Amino acid sequence: MEWDGDDLAAAVAQFRAYILAGADAVAVHFGPAGTFERRMTTFAEAVAGT
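Quick note on my numbering: the sequence shown kicks off at 91 and runs consecutively.
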């Protein structure tokens with residue numbers, strides 16, 4: 091899946107849907123290398139509920 095920083099709730103819902111459907115892993119592309127770290131951290135915190 092891909093998440094470029096827009097609509098965090100929808101991205102988290104999509105991620106969780108893959109997991110609930112039985113995915114063992116989900117690859118997420120966070121966009122350009124220059125700002126991926128911030129998006130990756132934001133996404134990980136949202137998925138973890140922190």
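Beta carbons are placed, not taken as given, at the ideal position from N, Cα and C, and that holds for glycine. Since the structure is predicted, the reported quantities are computational estimates derived from the model, not experimental observations.
Sheet register partners of residue i (DSSP bridge)
i	result
glutamate 127	For glutamate 127, which the question treats as bridged, DSSP gives no partner whatsoever.
glutamate 92	His119
Distance between residue j and residue i (C-alpha atoms, nearest Å)
i	j	result
threonine 125	alanine 111	30 Å
threonine 140	aspartate 114	22 Å
alanine 107	proline 122	25 Å
isoleucine 109	valine 137	11 Å
aspartate 97	glutamine 104	11 Å
methionine 91	valine 116	7 Å
Run of the alpha helix (DSSP H) containing residue i, from where it starts to where it stops
i	result
valine 116	Element bounds for valine 116: n/a, residue is neither H nor E.
alanine 111	Careful: alanine 111 lies outside any alpha helix (DSSP H) and carries neither H nor E.
Contacts around residue i, its chain only, beta-carbon distance under 8 Å, and the 5 residues preceding and following it disregarded
i	result
tryptophan 93	Ala101, Val118, His119, Phe120, Gly121, Arg129 and Phe133
Residues near residue i in its chain [Cβ-Cβ closer than 6 Å; skip 5 each side]
i	result
glycine 95	Arg129
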